[in-house]
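At position 13 of the sequence shown (counting the first as 1) the number is 2 in our numbering, and the numbers step up by one without a gap. Think of the CB as a built atom: it goes at the ideal place given N, C-alpha and C, for glycine as much as any other residue. Here the structure is a predicted model, which is why all the values come from computation and not from measurement. Below is one structure; the comments refer to it alone.
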Amino acid sequence: MKAIQIHQYGGPEQLIYEEAPMPDIREDDVLIRVMATSVNPIDWKVRKGNMKSTVVRTFPFIPGWDVSGIIEKVGKKISSFKVGDEVYARPDTTRNGTYAEYVAVRASEIALKPTKLDHQFAAAVPLAGLTAWQGLFDHGQLQAGQKILIHGAAGGVGTFAVQLAKWKGAYVIGTASEKNIEFLKGLGADEVINYESEHFENKLKDIDVVFDTIGGEVQMNSQKVLKPGGILVSTVGIKDDASIKAKGLQGISFMAKSLPDQLQQMAALIDTGKLKPVISKTFPLQEAAQAHRESEKGHTRGKIVLKVH
Ligand SMILES: NC(=O)c1ccc[n+]([C@@H]2O[C@H](COP(=O)([O-])OP(=O)(O)OC[C@H]3O[C@@H](n4cnc5c(N)ncnc54)[C@H](OP(=O)(O)O)[C@@H]3O)[C@@H](O)[C@H]2O)c1
């Protein structure tokens, strides 16, 4: 099969489009014919060699951990899915990934894809959608009527977080640059703060949950806007846990898990028009290097998708 493989850590030029062995499936796996995958910042962090402890690390390896596709084969133990099922998933990051024509994925990590979406839109959902869901609901304990501040609201994770928080009945405030303000209001944000011209920490107070996808100074200043007992959830690690605790706040850093029941719930929200993935650009798989260059600029609106079949 054709795939993008990485033979050594480095820049986007290390993404080599070439012939790779077809994946072997284990008895609890399915083989998916990949229709589309999407780019997440983890992909280029892995490519650079920054995430050696959590992902595949024997060369060559195939990056990419989002898939929407069609089941081609099922392992001996699998009765929950059948050949021909259209599924989506965020596969295990310690195995070869989805920048490939086929990928082997544990059946316990997949869900039927939303029926209303084509594969390219469906591939934009799993990793970013699961991260938003878990950040808001499992870790942030977000409830209807609460106020949430979402940093990086226009990004892959942020665009799901804004919509999911709104669906939950929260009051949603996002941060973004000027060009994304009206876009985010259209997604459901009640307020959008332009981080280039305004200091959110001077404008906000009594926030119940901050969902941080940016880190650094943005995260430090977020402590100032939370109400006592408020929760700071971060996708990029918590920097100063001592000061968070000293202020009577909770700081939670997490790595999103592959939970198919949450994929199913998101598929239902998508199919009933309550949630929609946002795609800024689609590239053919062969142009993965260009897609990484684009993602690494840090200003993607929604997701970048790679079309495979
Ligand atoms: N822990 C986990 O399980 C997990 C899972 C997924 C992602 N992550 C991490 O979470 C981070 C975000 O991921 P992502 O996929 O959402 O990234 P992304 O799509 O690349 O995010 C890009 C967005 O960030 C916004 N942005 C940049 N600087 C900003 C600032 N100072 N304030 C507010 N917004 C800003 C940009 O908006 P403008 O163009 O308007 O600036 C852009 O829309 C990454 O570091 C990723 O590795 C972690």
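Worksheet item: With a CB to CB cut of under 7 Å and the five nearest residues on each side skipped, what residues in its chain are close to GLY317?
Response: With the chain covering -10 to 298 only, the question about residue 317 has no answer from this structure.
Worksheet item: Which first and last residues belong to the beta strand (DSSP E) in which GLU180 is found?
Response: If you number the sequence shown from 1, residue 180 lands on position 191. Per DSSP, GLU180 belongs to the beta strand (DSSP E) from 180 to 183.
Worksheet item: So, is GLY86 buried or exposed, given that buried needs 16 or more other C-beta atoms within 10 angstroms?
Response: In the sequence shown, residue 86 corresponds to position 97, counting from 1. GLY86 should be labelled buried.
Worksheet item: Is PRO115 near ARG79, with beta carbons less than 7 Å apart?
Response: Numbered from 1 along the sequence shown, position 126 holds the residue referred to as residue 115. Numbered from 1 along the sequence shown, position 90 holds the residue referred to as residue 79. Result yes, Cβ atoms of PRO115 and ARG79 sit closer than 7 Å.
Item to complete: Using the Cα positions of VAL35 and LYS155, report the straight-line distance between them to the nearest angstrom.
Response: As a working note, residue 35 is residue 46 in the sequence shown. As a working note, residue 155 is residue 166 in the sequence shown. Roughly 32 Å between the two C-alpha positions.
Worksheet item: With HIS140 and ILE203 assumed to form a contact (beta carbons below 8 Å), what rounded beta-carbon distance in angstroms separates them?
Response: Here residue 140 corresponds to residue number 151 of the sequence shown, with the count starting at 1. Here residue 203 corresponds to residue number 214 of the sequence shown, with the count starting at 1. Sure, about 5 Å apart at Cβ, within 8 Å.
Worksheet entry | SER211 beta carbon near ligand 3 (any heavy atom closer than 6 Å) | Looking for ligand 3 in the displayed structure turns up nothing; the ligands present are ligand 1.
Item to complete: Give every residue of the same chain whose Cβ lies closer than 6 Å to the Cβ of GLN239, excluding the five residues on either side of it in the sequence, and list them in chain order.
Response: On the sequence shown, position 250 is the one that residue 239 refers to. Close CB contacts of GLN239 within its chain, under the 6 Å cut and outside five residues either way in sequence, are with ILE220 (chain order).
Worksheet item: Three-state secondary structure (DSSP) at LYS66?
Response: In the sequence shown, residue 66 corresponds to position 77, counting from 1. In this structure, LYS66 counts as coil in the three-state DSSP scheme.
Worksheet item: Any idea what DSSP makes of GLN208, helix, strand or coil?
Response: Indexing the sequence shown from 1 puts residue 208 at position 219. If DSSP states are grouped into helix, strand and coil, GLN208 belongs with the helices.
Discussion item. Taking the straight line between their C-alpha atoms, what separation do you get for HIS108 and PRO266?
Written reply: In the sequence shown, residue 108 corresponds to position 119, counting from 1. In the sequence shown, residue 266 corresponds to position 277, counting from 1. Their Cα atoms are separated by approximately 12 Å.
Discussion item. Once DSSP output is grouped into helix, strand and coil, what is the label at ILE227?
Written reply: Numbered from its first residue, the sequence shown carries residue 227 at position 238. Of the three classes helix, strand and coil, the one that applies to ILE227 here is coil, per DSSP.
Worksheet item: Is it a yes or a no for the region 163 to 170 touching the region 249 to 266, going by three-plus beta-carbon pairs under 8 Å?
Response: no
Discussion item. Going by the DSSP bridge assignment, what does VAL95 pair with across the sheet?
Written reply: Residue mapping note: residue 95 aligns to position 106 of the sequence shown, counting from 1. Checking the displayed sequence, the identity of residue 95 turns out to be Arg instead of Val. Looking at the DSSP assignment, ARG95 forms a beta bridge with ASP18.
Worksheet entry | PRO103: CB within 6 Å of a non-hydrogen atom of ligand 1 | Here residue 103 refers to the residue found at position 114 of the sequence shown. Not so, every heavy atom of ligand 1 lies at least 6 Å from the Cβ.
Practice prompt. List in chain order: all unbroken beta strand (DSSP E) runs of 3+ residues lying wholly within the region 220 to 270.
Written response: 239 to 242
Practice prompt. Consult DSSP for ALA113 and reduce its assignment to one of helix, strand or coil.
Written response: By 1-based counting over the sequence shown, the position of residue 113 is 124. For ALA113, the secondary structure class from DSSP, reduced to helix, strand or coil, is coil.
Item to complete: List the whole-angstrom C-beta distance separating PHE189 from LEU138, where the pair is believed to meet the contact cut-off of C-beta under 8 Å.
Response: For the purposes of this step, residue 189 is identified with residue 200 of the sequence shown, where counting begins at 1. For the purposes of this step, residue 138 is identified with residue 149 of the sequence shown, where counting begins at 1. The C-beta distance from PHE189 to LEU138 rounds to 7 Å, short enough to fall under 8 Å.
Worksheet item: In three-state DSSP terms, what is ASP358?
Response: Any question about residue 358 goes unanswered here, given that the chain covers just -10 to 298.
Worksheet item: So is the beta-carbon of PRO80 under 6 Å away from any non-hydrogen atom of ligand 1?
Response: Within the sequence shown, numbered from 1, the residue matching residue 80 stands at position 91. Not so, every heavy atom of ligand 1 lies at least 6 Å from the Cβ.
Item to complete: Let me know if SER247 comes out buried or exposed under the rule of 16 or more other beta-carbons within 10 Å of its beta-carbon.
Response: As a working note, residue 247 is residue 258 in the sequence shown. Its Cβ being crowded by 16 or more others within 10 Å, SER247 is buried.
Discussion item. If distances are taken between C-alpha atoms only, which option among GLY158, ALA112, ASP127 and ILE60 comes closest to VAL94?
Written reply: By one-based count along the sequence shown, residue 94 stands at place 105. Ranking GLY158, ALA112, ASP127 and ILE60 by Cα distance to VAL94 puts ILE60 first.
Discussion item. With a threshold of 6 Å (Cβ to nearest heavy atom), would ASN191 be considered close to ligand 1?
Written reply: Numbered from 1 along the sequence shown, position 202 holds the residue referred to as residue 191. No, the Cβ of ASN191 stays beyond 6 Å of every heavy atom of ligand 1.
Item to complete: Determine the DSSP secondary structure at GLY163, reduced to helix, strand or coil.
Response: Numbered from 1 along the sequence shown, position 174 holds the residue referred to as residue 163. In the structure shown, GLY163 sits in a strand (DSSP, three-state: E or B).
Worksheet item: Short check: CB of TRP54 to CB of GLU285, under 7 Å?
Response: Here residue 54 refers to the residue found at position 65 when the sequence shown is read from its first residue. Here residue 285 refers to the residue found at position 296 when the sequence shown is read from its first residue. Not closer than 7 Å, so no.
Fill in: Cα-Cα separation between THR47 and ASP195, rounded to whole angstroms
If you number the sequence shown from 1, residue 47 lands on position 58. If you number the sequence shown from 1, residue 195 lands on position 206. If I take the Cα positions, the gap works out to 47 Å.
Worksheet item: By Cβ distance, which residues of its chain are closer than 6 Å to ASP179, with the 5 residues on each side in sequence left out?
Response: Indexing the sequence shown from 1 puts residue 179 at position 190. TYR160 and VAL161.
Worksheet entry | Candidates SER97, ALA150, ILE5 and TYR184: closest to PHE15 by CA position | Taking the sequence shown and counting its residues from 1, the one referred to as residue 15 is at position 26. According to the sequence as given, residue 15 is Arg; it is not Phe. Checked all of SER97, ALA150, ILE5 and TYR184; the closest Cα to ARG15 is SER97.
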